[in-house]
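Our numbering numbers the first residue of the sequence shown as 271 and each following residue consecutively.
Ideal Cβ placement from N, Cα and C applies to all residues, glycine included.
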Amino acid sequence: MKKFSYYILLTLTIAVLAACTDDSEVGTDTSAASDSNSTSGDIVLSLPSDAVSLDPHGSNDSPSEKVRSHIYEGLVAQDENLEIVPELATEWEQVDDTTWHFTLREGVMFHDGSPFNAEVAKANFDRLLDPSRGSTRAFVLEMIEEVNVVDEQTLEIVTQYPFAPLPGHLTHGAGNIISKALIDEDYQYALDEAGVDMTLEEYYALRESGGAEHEEVASQISEFTGTKAEQHPVGTGYLQYEDRQPGESTTLARFADYWDGPASFDTLTLKVVPEAGSRVAELETGSSHAIADVPSSDIARIENDEDLSLARSQSVAIEYIGINTQSEPLDDVRVRKAITHAFNKQAVLEGVYNGAGIVADSPLAPNVFGYDENLETLDYDMDKARALLEEAGYADGFSLNIMVNNDNPERVDTAIWLQESLAELNIDLEIQQLEWGAFLDATGEGKHDMFIMSWGNSTGDPDNALTPLFHSSRLGSPGNRAFLENDEVDSLLDAARQESDTEAREALYGEVQQILIDEAPAIFIMHPQYMNAYSNRLDGLTIDSYDQFNFKNATLEEE
Numbered sequence: 271m272k273k274f275s276y277y278i279l280l281t282l283t284i285a286v287l288a289a290c291t292d293d294s295e296v297g298t299d300t301s302a303a304s305d306s307n308s309t310s311g312d313i314v315l316s317l318p319s320d321a322v323s324l325d326p327h328g329s330n331d332s333p334s335e336k337v338r339s340h341i342y343e344g345l346v347a348q349d350e351n352l353e354i355v356p357e358l359a360t361e362w363e364q365v366d367d368t369t370w371h372f373t374l375r376e377g378v379m380f381h382d383g384s385p386f387n388a389e390v391a392k393a394n395f396d397r398l399l400d401p402s403r404g405s406t407r408a409f410v411l412e413m414i415e416e417v418n419v420v421d422e423q424t425l426e427i428v429t430q431y432p433f434a435p436l437p438g439h440l441t442h443g444a445g446n447i448i449s450k451a452l453i454d455e456d457y458q459y460a461l462d463e464a465g466v467d468m469t470l471e472e473y474y475a476l477r478e479s480g481g482a483e484h485e486e487v488a489s490q491i492s493e494f495t496g497t498k499a500e501q502h503p504v505g506t507g508y509l510q511y512e513d514r515q516p517g518e519s520t521t522l523a524r525f526a527d528y529w530d531g532p533a534s535f536d537t538l539t540l541k542v543v544p545e546a547g548s549r550v551a552e553l554e555t556g557s558s559h560a561i562a563d564v565p566s567s568d569i570a571r572i573e574n575d576e577d578l579s580l581a582r583s584q585s586v587a588i589e590y591i592g593i594n595t596q597s598e599p600l601d602d603v604r605v606r607k608a609i610t611h612a613f614n615k616q617a618v619l620e621g622v623y624n625g626a627g628i629v630a631d632s633p634l635a636p637n638v639f640g641y642d643e644n645l646e647t648l649d650y651d652m653d654k655a656r657a658l659l660e661e662a663g664y665a666d667g668f669s670l671n672i673m674v675n676n677d678n679p680e681r682v683d684t685a686i687w688l689q690e691s692l693a694e695l696n697i698d699l700e701i702q703q704l705e706w707g708a709f710l711d712a713t714g715e716g717k718h719d720m721f722i723m724s725w726g727n728s729t730g731d732p733d734n735a736l737t738p739l740f741h742s743s744r745l746g747s748p749g750n751r752a753f754l755e756n757d758e759v760d761s762l763l764d765a766a767r768q769e770s771d772t773e774a775r776e777a778l779y780g781e782v783q784q785i786l787i788d789e790a791p792a793i794f795i796m797h798p799q800y801m802n803a804y805s806n807r808l809d810g811l812t813i814d815s816y817d818q819f820n821f822k823n824a825t826l827e828e829e
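What follows is the structure in structure tokens.
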């Protein structure tokens, strides 16, 4: 048996004092946080986009996770070295190739006062994988075949096939846990609204047995599942839901009974401020105490202000231009390759992103397992681009659209850069700027020719970096917005996620990466640096390697 010992839960600490030179100088004194009577007011974090869903089994997008991460917790988490560490589970062991046991933390309470235990954990995984929920995040844990309650504090997870990176996948937000009382309320509401004459217990029994009858009922209630979980989310996190003004803000309040000691402030307001310059102004005026997604063009503005600090971290994410492989003429690989050759990654990295990142060869960052440094890439070459278009019969050009979210000026500028480059090839590229939610809907439904997006690989494993974006089972909103259907890619990805031999698994991912370069369903631009900023009045803030803020030990000095 493989045994995993207890680790102290850590997150990547971003220096919160301008003069800090190493972690030993970071101001992370947690004594105030341990005093339940000590609070330091109301913290405001400005974000470029609003959450799409507050349900951890809802949408699979970063803006939503920036809100949900304070409300919910999973069985396990990751530290600053991407190592798996305990959260709601204290230890875990792999019993055999497909069976895992998790020992759950005792004394954990939900925001509604109900206790956390194995029954609650099972209810969450059953809900995530229930087709009635229709979760776009279910793919993260779709390898789970069954979840069993061994005893109150022991949970058993059985996978359909050997799946070594299961603990890593459980660190994804899809594995976050909500109150069973809320789950029951949510299902009961769905059954009632759908007019299904069935008790909650009868539905759960039907779901357990599966089959056509369950599929029929699941289809009937799917329109309504998630409604209650969205209206008043309940987790075990250090903050609890208080109020929400869609499109404007979400307010979370200190949870006094948090198992690891309460936070030392009263509320966290996550304010939606789409325009980047306005977010910086919010910080400068003190209206916000921290802001997300600082454009590289504002680096000097932040660094030259003695009252502010810039937090940088190199991500394992990929910023990419997706190409709809089922949209004519992009269904011709020669056209996709031509467009890729016409894009100067290094120039865009320097000219648009001010060097805040590293050029990407593939979807995998160099420090992620499976990255192949010997890949043959499609480099910037306008002559090759012209030759490929002529070979494909498109020397006279054609028209395309590219969709970008309107709250990200760097993506807009990247689109403009590509627009100007493609104009040299007689290709007319129309740029469509959409609000984040509308952008997700449109690209999920395949209404685009091209789009610009990022993928955070929030498990740190190559499976999560590649399968969601390029496996044919993920077409559309689950992640494969390039609508790539390639049998060889599917086969290699399926084999790699089941392979237990490290070297063999690494080789499979090397093959996949080269095929993706050759098929050109995307232009892999860069692995960006995350850049956020905060007031020097704010101490104890941490930001992890997936760009998630943690205010658990934060304090706010009075003005």
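Determine the DSSP secondary structure at residue i, reduced to helix, strand or coil.
| i | result |
| --- | --- |
| Gly627 | strand |
| Glu828 | coil |
| Thr839 | The requested residue 839 does not occur in the structure, where the chain is confined to residues 271 to 829. |
| Gly707 | helix |
| Thr713 | helix |
| Glu620 | helix |
| Lys822 | coil |
| Ser339 | coil |
| Met652 | helix |
| Glu646 | coil |
| Arg397 | helix |
| Pro636 | coil |
| Ile447 | coil |
| Thr555 | helix |
| Gly810 | coil |
| Glu512 | strand |
| Asp305 | For Asp305, the pLDDT reaches just 43, beneath the cut-off of 50, and the residue's location in the model is therefore unreliable, leaving the point undetermined. |
| Asp292 | Caution applies to Asp292, whose pLDDT of 32 falls short of 50 and renders its modelled position unreliable; the model cannot decide the point. |
| Leu538 | strand |
| Val390 | helix |
Buried or exposed: residue i, going by 16 or more other Cβ atoms within 10 Å of its Cβ?
| i | result |
| --- | --- |
| Val605 | buried |
| Ala391 | buried |
| Gln348 | buried |
| Tyr457 | buried |
| Ser479 | exposed |
| Ala533 | buried |
| Asn307 | With a pLDDT of only 45 at Asn307, under 50, the local geometry of the prediction cannot be trusted, and the value read off the model is given with reservation. Its Cβ having fewer than 16 others within 10 Å, Asn307 is exposed. |
| Gln510 | buried |
| Gly438 | buried |
| Thr610 | buried |
| Val346 | buried |
Identify every residue that forms a DSSP beta bridge with residue i.
| i | result |
| --- | --- |
| Ile701 | Ile672 |
| Ala560 | Leu315 and Tyr804 |
| His797 | Ile628 |
| Tyr590 | Met723 and Phe794 |
| Thr429 | Ile414 |
| Ile686 | None, per the DSSP bridge assignment. |
| Asn756 | For Asn756, which the question treats as bridged, DSSP gives no partner whatsoever. |
| Asp421 | Thr424 |
| Asp366 | Thr369 |
| Leu374 | Ala359 |
Closest to residue i by CA distance: which of the options is it?
| i | options | result |
| --- | --- | --- |
| Tyr473 | Ser405, Pro401 and Ala499 | Pro401 |
| Gly383 | Ile341, Arg477, Val337 and Ser449 | Ser449 |
| Pro326 | Ala665, Ala408, Glu350 and Asn387 | Ala408 |
| Val622 | Ser747, Glu828, Trp687 and Asn675 | Trp687 |
| Ser250 | Leu440, Gln702, Leu736 and Glu576 | With the chain running from 271 to 829 in the structure shown, residue 250 is simply not present. |
| Glu357 | Thr368, Asp367 and Gly344 | Gly344 |
| Ala612 | Ala626, Pro636 and Lys654 | Lys654 |
| Glu773 | Ser492, Phe639, Glu485 and Glu335 | Phe639 |
| Tyr342 | Gln818, Gly663 and Arg582 | Gln818 |
| Asp530 | Ser566, Glu493 and Glu376 | Glu376 |
| Asp568 | Gln584, Thr555, Arg549 and Ser585 | Arg549 |
| Pro791 | Glu776, Leu745, Asp809 and Asn806 | Leu745 |
| Pro432 | Asp366, Gln515, Ala546 and Glu680 | Asp366 |
Check whether the Cβ of residue i lies closer than 8 angstroms to any heavy atom of the ligand GDP, and answer yes or no.
| i | result |
| --- | --- |
| Asp711 | For the ligand GDP, the structure offers nothing, since it holds no ligand at all. |
- Query: Is there contact between the stretch 750–763 and the stretch 611–619, where contact requires at least three CB pairs shorter than 8 angstroms?
  - Reply: no
- Per the contact definition of three or more C-beta pairs closer than 8 angstroms, is the stretch 580–597 in contact with the stretch 713–733? yes
- Determine, using beta-carbon pairs with one atom in the stretch 754–770 and one in the stretch 727–743, whether at least three such pairs fall under 8 angstroms. yes
- Please determine if the stretch 575–591 and the stretch 788–804 are in contact, where contact requires at least 3 C-beta pairs separated by less than 8 angstroms. yes
- Query: With a cut-off of 8 angstroms, do at least 3 Cβ pairs link the stretch 417–437 to the stretch 356–372?
  - Reply: yes
- Message: For the pair the stretch 312–320 and the stretch 544–559, tell me if three or more CB-CB distances fall below 8 angstroms.
- Response: yes
- Query: Hey, is the stretch 653–667 in contact with the stretch 524–539, meaning 3+ C-beta pairs nearer than 8 angstroms?
  - Reply: no
- Query: Is the stretch 691–703 in contact with the stretch 661–671, if contact means three or more CB pairs nearer than 8 angstroms?
  - Reply: yes
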